[in-house]
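Down below is the structure, laid out as structure tokens.
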Amino acid sequence: MFKKLGISILILTLMVFFVVGCGGNQQSQPEKQEQGQKQAEKENYTTEDKMGGTFYGRLGANPPDLDPAHSTDTTSSRVVRNVFDGLVKYNEDLEVQPAIAKDWESSENGTEWIFHLREGVKFHNGREVKASDVVYSFSRLLDPETKSERAWLFENVVGAKAFQNGEADSVKGLKAVDEYTVKISLKEPFAPFLSMLCMENASIVPKEVIAEKGDGFGQHPVGAGPFEFKSWKQDSKLVLEKNEDYYEDNRPYLDKVVYRIIVEGTSAFPEYEQGNIYEFDADIPDGQMERVMDSEGEFANEYRQIDRLGTYYLAINNQKEPFNNKKVRKAMNYAVNKEVIAKVVRNGTVNPANGILPPGMPGYNSDLKGYPYNIEKAKELLKEAGYPDGLPGEYKIIYNTSKQHQRNLEAVQRNLKQIGINVKLVNMDWGTVLSKADKGSFTLMRMGWIADYPDPDNFLHVLFHSKNAGAGGNYAFYKNEDIDKKLEKARKMDRGEERLDLYQEIEKELINDAPWVPIYYYSTPVLVQSFVHDYVFTGQTPLPLTDVWVEPGHKTK
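Next comes the structure, spelled out in structure tokens:
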């Protein structure tokens with residue numbers, strides 16, 4: 001028995017989100033009147049007025065890989081989500097919406113899923129997307145030759161293991177019923193399965209282009225998304241152009257998207273002020289935050305602070321001595337003054353982390369105390385671990401180049417020095433950091449995680465299950481059989497309080513094991529030019545630029 005699912009499925013109702021021209025803090029009556037006037041002016045624009053123009057964005061690094069099978073970072077994701085589409089996608093409220101699939105249905109126990117594709121959806125090379133492309137794309141993630149860091153997305157599909165082990169030529173649970181119908185059979189129920197399909201890794205890709213380009217596909221991607229990849233000059237800019245055959249009527253509005261690659265916020269911020277980039281987020285330079293946050297200042301109509309479903313942390317390689325000693329890791333947690341980093345170093349724009357799951361995530365435990373700053377307790381734990389005079393030698397903390405990361409880690413460095421742990425900060429490009437993280441070629445590392453879908457599974461299973469050690473997301477290389485079993489049990493449970501209770505129990509055990517140091521929960525300052533409309537930044541990531549438009553007086557080629 002199958003149940004028909006509606007156009008959207010609400011997966012998180014109390015999510016903070018951002019839409020340019022809407023929302024924000026409480027306003028005075030004149031401000032409300034001004035906003036009302038601007039809204040009325042906005043409504044006077046016709047579809048024809050909205051069409052055309054270029055959006056100038058910014059990337060803080062060269063994306064490591066634009067192949068959905070290997071996109072594991074927020075920089076790559078920002079581009080991939082515009083070039084590719086999956087079966088389903090999120091709207092601004094993080095509700096699951098149709099994308100390449102026009103609708104879908106599932107069995108009562110959630111192990112059988114049938115997706116009905118839109119007819120006429122085309123890849124950027126002009127070929128129509130068919131059910132066989134969906135089967136290929138999902139099978140490709142499982143194929144050992146692909147070496148996808150996100151193979152785990154489909155490991156619950158019937159026959160996945162046999163296919164991965166070379167015991168079968170295809171995945172039994174992935175079937176093209178006809179040209180426009182796909183059936184997916186799961187071994188066990190998985191509560192967030194539909195949400196997981198919104199991840200960019202589940203994008204649909206053309207087999208023949210991958211066969212032609214091989215490893216170069218990640219540098220010259222071809223998808224079925226709202227924008228086509230056109231060019232990429234490393235360390236300079238990445239250019240996308242409108243997909244004229246996109247399946248949504250009159251979308252996208254923009255003719256072109258130009259992402260300028262500007263590593264440092266100190267360089268990008270003046271470009272925003274001069275109108276050379278239209279959106280700026282994350283690393284607002286020192287000395288500018290007070291000016292940006294001024295409710296009566298020049299950025300009042302452009303600035304919003306977005307709480308994210310993410311946690312910023314110091315990764316500790318649990319397999320390397322002396323950090324395989326839990327007491328050493330706990331000492332580090334007590335030594336790092338998260339309050340000072342959040343309130344002083346980050347100018348109060350983030351909240352200190354007492355746990356792993358961020359506020360807004362189902363299962364978040366506001367009563368969790370974590371590790372309050374306590375130097376004496378930290379020293380006592382080091383002594384119990386056999387290091388009364390601190391750790392011998394010096395240890396490297398690697399991080400991707402950024403003034404903000406540097407300032408955060410300088411604070412961590414000072415804290416650890418107080419208990420006799422000497423660390424050296426080593427910066428490098430983002431791709432190199434990820435490569436070292438995947439291989440475990442580090443001792444300490446700056447890292448962060450923003451949820452791919454709003455479910456605790458996407459935090460705790462990804463970041464701590466032993467099978468995800470390294471490239472899978474478990475950068476602590478943490479191994480605990482009891483935790484593994486509980487995480488696997490939670491995956492099979494129906495959504496509800498009992499499942500969330502289990503995740504809270506798991507988080508408490510993880511905090512006690514101290515596999516890494518949670519520092520703060522992500523919150524992102526976002527600036528968007530006042531002439532840009534319908535730019536949406538959710539608690540996870542910016543949505544694709546499909547609905548974004550630029551006022552007629554600001555259109556450029």
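Just so you know, we're using the UniProt record's numbering here: the sequence shown kicks off at 1 and counts up by one.
Ideal Cβ positions, reconstructed from N, Cα and C, are used throughout, including at glycine.
#### Entry: ILE306 versus TYR387 - alpha carbon distance
42 Å
### Message
So, does the stretch 210-222 touch the stretch 147-156, judging by three or more C-beta pairs under 8 Å?
### Response
no
### One or two residues paired with ASN474 in a DSSP bridge
ALA469
### Contact test: HIS554 Cβ vs the ligand NAD heavy atom, cutoff 8 Å
The ligand NAD is not part of the structure shown, which contains no ligands of any sort.
### Task
Give the range of the beta strand (DSSP E) segment to which VAL88 is assigned.
88-90
#### Entry: Alpha-carbon spacing of GLY473 relative to MET196, whole angstroms
15 Å
### Query
So does the stretch 454-463 actually touch the stretch 137-147, counting three or more Cβ pairs closer than 8 Å?
no
### Query
With 16 other CB atoms within 10 Å as the buried threshold, where does VAL177 fall?
exposed
### Query
If you draw a straight line from the alpha carbon of ASN427 to that of GLN406, how long is it in whole angstroms?
8 Å
### Query
Would you report the Cα separation of TYR503 and LEU357, rounded to the nearest angstrom?
10 Å
### Query
Does DSSP put PRO98 in a helix, in a strand, or in coil?
strand
### Message
What does DSSP give as the partner residue(s) for HIS554 in the beta ladder?
### Response
Answer is none; HIS554 lacks a bridge partner.
### Task
Using a Cβ-Cβ cut-off of 9 Å, state whether GLY216 counts as contacting chain B.
Although the question refers to chain B, the structure presented lacks it and comprises just one protein chain.
### Task
Kindly indicate the opening and closing residues of the beta strand (DSSP E) around PHE55.
54-59
### ALA300 versus ASN44: straight-line alpha-carbon distance, rounded
23 Å
### Query
Should LYS485 go down as buried or exposed, given a rule of 16 or more other Cβ atoms within 10 Å for buried?
exposed
### Query
By DSSP, does PHE461 sit in helix, in strand, or in coil?
According to the sequence as given, residue 461 is His; it is not Phe. It is helical.
### Query
Does the count of Cβ pairs from the stretch 65-72 and the stretch 265-279 closer than 8 Å reach three?
no
### Query
Quick one: Cα of ALA40 to Cα of TYR395, how far?
Only weak support is given to the placement of ALA40: the predicted model assigns it a pLDDT of 44, under 50, and the value that follows is read from those uncertain coordinates. The straight-line gap from Cα to Cα measures roughly 58 Å.
### Query
If you count every other CB in all the chains shown that lies within 10 Å of the CB of GLN529, and 16 or more means buried, which is it?
buried
### Message
According to DSSP, SER195 sits in a beta bridge with which residue or residues?
### Response
According to DSSP, which records beta bridges pairwise, SER195 is partnered with nothing at all.
### In DSSP terms, what PRO518 is bridged to
TYR313
### Query
Nearest CA to the CA of GLU384: which residue from PRO322, ARG291, GLU188, ASP547?
PRO322
### Message
Under 8 Å, with one C-beta from each stretch per pair, do the stretch 185-205 and the stretch 79-89 reach the 3-pair mark?
### Response
yes
### Task
Under 8 Å Cβ to Cβ from LYS102, same chain only, skipping five residues before and after it: list those, please.
HIS116, LEU117, ARG118
### Message
Along the chain, where does the beta strand (DSSP E) containing TYR395 start, and where does it finish?
### Response
394-400
### Task
Less than 8 Å between the CB atoms is what I'm expecting for ASP438 and GLY470, so what's the real figure, rounded?
5 Å
### Query
Excluding sequence positions up to five away, which residues of its chain have a Cβ less than 6 Å from the Cβ of GLU112?
SER185
### Message
Helix, strand or coil for GLY23? Go by DSSP, reduced to three states.
### Response
With a pLDDT of 35 at GLY23, under the threshold of 50, the modelled position of that residue is not reliable, and the figure given next carries that caveat. GLY23 falls in the coil class under three-state DSSP.
### Message
Mapping the DSSP letters down to three states, classify HIS124 as helix, strand or coil.
### Response
coil
#### Entry: beta strand (DSSP E) segment containing ARG446, residue limits
444-450
### Message
Within the continuous beta strand (DSSP E) that includes PHE227, where are the two ends?
### Response
227-233
### Query
I think ILE450 touches TYR522, with their Cβ atoms under 8 Å apart; what is that distance to the nearest whole Å?
6 Å
### Task
Return the chain-ordered list of same chain residues with a C-beta closer than 8 Å to the C-beta of ASN422, the five sequence neighbours on each side being excluded.
GLY390, LEU391, GLY393, GLU394, TYR395, LEU416
### Query
Quick one, which of HIS124, CYS198, THR47, GLU200 has its alpha-carbon nearest HIS220's?
HIS124
### Message
Tell me the DSSP secondary structure of ARG150 in three-state form.
### Response
coil
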